[in-house]
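Only one structure is covered here, and it is reproduced in the block below.
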Amino acid sequence: MLVKQFTIRAFEINIESQEEFLDFFTKNREIIQKYFLIINGKVTENIKKILKEEKILFTVGTLKNNSFVKNCHIQEIKAVEEKESKIFNFPIRSGMEIKSNSDIILLKRANSASSIQTDGNFIALDTVEGKVECNGEFMFLKASPKALILFNGKDISSYLQKNSFFSITFEEGNIEIKEFKRGNK
Amino acid sequence: MSEVYAVISGKGGVGKTTTAANLSIATAKEGKKTVVVDFDLGQRNLDMILGLENRVVYDITHVMDGEVNIKQALIKDKNQDNLYFLAASQTKDKTVLNEEKVEQLINMLKEEGFEFIFLDSPAGIESGFEHTILFADKAIIVVNPEVSSIRDSDRVIGLVDSKSKKAKEGKSVEKLLIINRINPELVDKGEMLTSEDILEILSIKLLGKVPEDKKVIDASNKGKPVILNPDSEAGNAYARIGKRLCGEDIPFADVESVKNQGILSKITGIFK
Ligand SMILES: Nc1ncnc2c1ncn2[C@@H]1O[C@H](COP(=O)(O)OP(=O)(O)OP(=O)(O)O)[C@@H](O)[C@H]1O
Ligand SMILES: [Mg+2]
C-alpha cells in the first residue's frame, strides 16, 4: 500500500447564484486555479463545465466542523478581494499583532514578542525578532536567532540562523531557502 | 509653555521614581518652574525620596475631587527654588482616577505656569499607567540594560503610540530613552546589553545614560536625591539630562567603560 500525505490549500465557496460565481471566477481565475475548491450550494452544469475546462479540482460540501480542517490550510475568500500590500514604516513592537490576507512589507524591525500572520507574501527590510507566520509564496527577511518563522506551516527558523537576508519561496509544496548575497542574480 | 513629561517603564522597579525626582530638581536648578506629580496611587514613595513626606497634607485625590484647590495641595520644596511637588494618595488606589479628572488636573498645573510637569507613573503593566500617558507631550522611558526590561518597555512604547491623546489626534508623542543602572564591569565582560543594542531594538531617541551607583539608594533613604551629591556619578548623569531637557547640547558621557582602577590594579593587569 502506498500512503501519501498532502497539504491542500483550498477555498470554501458559497454559491448563491451562478452569475455571481462566474463573475468572481473570471476576476480571480489566476488565484483560484492554484486551489482546491469546496463548494457549498448549487453547482450548475455551466459551472461544472468551466471548472473542468480550467482543470480545477472541486468537491461539494463544507469543511466546517470537520475535524480534519485543523490540519489543512483554508484560505478565506477575502484573500482574493484584499490584495493590496500593507507597508509598515514603524517598528512592530512587543505585544503588537498583525493579521492580514495581503502582502506585508516591514521597513523597520519586528521586535521580540510581536506576532505577524499573513496569507500573502512577507518582506522585511530590518531584523525580525518576533513570530512570523507566512502562508504566501515568498518571504524575504533577516531573522534574529530568537525569532520564530513559520512558512506554510513549517518552522524554518533553524535554517535562518545567520546574520543575513534570506529569500524563501514556496512552489508546488517545496520550500526553497536561499541566502541573499549582494550581487546575487 | 508647559510641557508634560510622563516618566514610564514596562517593568516595575527600574528607576522611574528616582528619575522623576532627580530630573525635577535638575530642571528647577536650571531656573525652570517645575512640578513633579506622584501618579503611583496607593504606592506613594516620591515624597520620601524628595524628603517631603512629613509635609503632605493634601494629595492629588483631594484636588481631583474638588475638596481643595491646586495651590493648597502643591508642596513647595524649601531647599530648592522653582520646585513643587504634588503627592499621591496613600489610601485610595488607582481606580479613583478617570480621564476627565486627570485632564482637569493637568490643565490646572498648566495654568499655574509650570514649564516642566513630570508625572511619575506606575509600571506599564499596572492599572493607572494609561492615565499618565494620556495627556503627556513627551514620554521618558526608563529601562535597565537587560532583556526583560527592554521587551516590556517596547510594549509600553507601542501603547504610548496608540493610547495617548496626541496619538489619537494624529500627532506623535516624543519618546525619550533613559538607560538606568548601567554597570561598566558587566558591560566590559559582555554580560550586559550595550546602549547600542538597546537603541537598535527600541528605535527611539536617547536622552541619557545613568550608571549603577550605590549612592542612589543611600540618597533615597536620606530623602536627599542623588543629584544633590556632586560626587555621585548617577547624580551628575541626571544633571546632564536636566540640561538636555532645557535645550542645552550636552554630549553623552561615557558611563560604560570601567574607570581607571588606580596604580595597583594597573600593575596586576600587566601580569595577567
Ligand atoms: N542608578 C541607580 N543605581 C543604583 N540603584 C538605583 C539606581 N536607580 C534606581 N535605583 C534603585 O532601584 C530601586 C527602584 O527604583 P525606583 O523606586 O526609582 O523604581 P520605580 O521604577 O519607580 O519602581 P516602581 O515601579 O515600583 O514604582 C530603588 O531602590 C532605587 O534606589
Ligand atoms: Mg516608582
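Going down the list, the sequences are from chains P and L.
Quick note on this note's numbering: the first sequence kicks off at 1 and runs consecutively.
Quick note on this note's numbering: the second sequence kicks off at 1001 and runs consecutively.
Every residue, glycine too, gets a C-beta built ideally from N, C-alpha and C.
Host beta strand (DSSP E) of residue i (start-end)
i: residue 1180 (chain L); result: 1174-1182
i: residue 39 (chain P); result: 36-41
i: residue 1061 (chain L); result: Looking at the DSSP string, residue 1061 (chain L) is not in any beta strand (DSSP E); the run it does join, the alpha helix (DSSP H), is 1060-1064.
i: residue 171 (chain P); result: 166-171
i: residue 1203 (chain L); result: Unbroken run through residue 1203 (chain L): none, as it is neither H nor E.
i: residue 99 (chain P); result: 97-100
i: residue 106 (chain P); result: 104-106
Residue i in three-state terms, based on DSSP
i: residue 1208 (chain L); result: strand
i: residue 111 (chain P); result: coil
i: residue 1223 (chain L); result: coil
i: residue 1149 (chain L); result: helix
i: residue 1084 (chain L); result: strand
i: residue 1120 (chain L); result: strand
i: residue 46 (chain P); result: helix
i: residue 1164 (chain L); result: coil
i: residue 1191 (chain L); result: coil
i: residue 1242 (chain L); result: helix
i: residue 1009 (chain L); result: coil
i: residue 1108 (chain L); result: helix
i: residue 1030 (chain L); result: coil
i: residue 92 (chain P); result: strand
i: residue 1 (chain P); result: coil
i: residue 1198 (chain L); result: helix
i: residue 10 (chain P); result: strand
i: residue 1035 (chain L); result: strand
i: residue 1229 (chain L); result: coil
i: residue 174 (chain P); result: strand
i: residue 143 (chain P); result: strand
i: residue 1076 (chain L); result: strand
i: residue 1004 (chain L); result: strand
i: residue 1259 (chain L); result: coil
i: residue 1157 (chain L); result: helix
i: residue 86 (chain P); result: strand
Residue i Cβ short of 8 Å to ligand 2 heavy atom set
i: residue 1022 (chain L); result: no
i: residue 1040 (chain L); result: yes
i: residue 1120 (chain L); result: yes
i: residue 1132 (chain L); result: no
i: residue 181 (chain P); result: no
i: residue 1046 (chain L); result: yes
i: residue 1072 (chain L); result: no
i: residue 1090 (chain L); result: no
i: residue 117 (chain P); result: no
Distance, residue j Cα to residue i Cα
i: residue 1257 (chain L); j: residue 1187 (chain L); result: 8 Å
i: residue 1104 (chain L); j: residue 1064 (chain L); result: 8 Å
i: residue 1221 (chain L); j: residue 1147 (chain L); result: 29 Å
i: residue 21 (chain P); j: residue 180 (chain P); result: 42 Å
i: residue 1012 (chain L); j: residue 1116 (chain L); result: 24 Å
i: residue 1136 (chain L); j: residue 1001 (chain L); result: 14 Å
i: residue 1079 (chain L); j: residue 1118 (chain L); result: 19 Å
i: residue 235 (chain P); j: residue 124 (chain P); result: The structure shown does not extend to residue 235 (chain P), since chain P is modelled only from 1 through 185, so no value can be given for it.
i: residue 1180 (chain L); j: residue 14 (chain P); result: 58 Å
i: residue 137 (chain P); j: residue 1092 (chain L); result: 56 Å
i: residue 1247 (chain L); j: residue 1041 (chain L); result: 31 Å
i: residue 2 (chain P); j: residue 51 (chain P); result: 29 Å
i: residue 12 (chain P); j: residue 103 (chain P); result: 21 Å
i: residue 74 (chain P); j: residue 158 (chain P); result: Confidence is the limiting factor: at residue 74 (chain P) the pLDDT is only 41, short of 50, which leaves the residue's position unreliable and the question unanswerable from this model.
i: residue 61 (chain P); j: residue 4 (chain P); result: 23 Å
i: residue 1235 (chain L); j: residue 164 (chain P); result: 42 Å
Residue i - partner residues in DSSP beta bridges
i: residue 134 (chain P); result: P:118 and P:151
i: residue 1143 (chain L); result: L:1179
i: residue 1095 (chain L); result: Residue 1095 (chain L) is not bridged to any residue.
i: residue 1023 (chain L); result: DSSP, once it has assigned bridges, lists no residue as partnering residue 1023 (chain L).
i: residue 180 (chain P); result: In the DSSP output, where bridge partners are listed per residue, residue 180 (chain P) has none listed.
i: residue 59 (chain P); result: P:38
i: residue 124 (chain P); result: P:106
i: residue 1138 (chain L); result: L:1005 and L:1174
Residue i Cβ short of 8 Å to ligand 1 heavy atom set
i: residue 1145 (chain L); result: no
i: residue 1234 (chain L); result: yes
i: residue 174 (chain P); result: no
i: residue 1012 (chain L); result: yes
i: residue 1015 (chain L); result: yes
i: residue 111 (chain P); result: no
i: residue 1211 (chain L); result: yes
i: residue 1087 (chain L); result: no
Boundaries of the alpha helix (DSSP H) in which residue i is found, first to last residue
i: residue 1129 (chain L); result: 1129-1134
i: residue 29 (chain P); result: 18-32
i: residue 1073 (chain L); result: 1070-1073
i: residue 1288 (chain L); result: Within the shown structure, residues of chain L are numbered from 1001 to 1272, placing residue 1288 (chain L) beyond reach of any answer.
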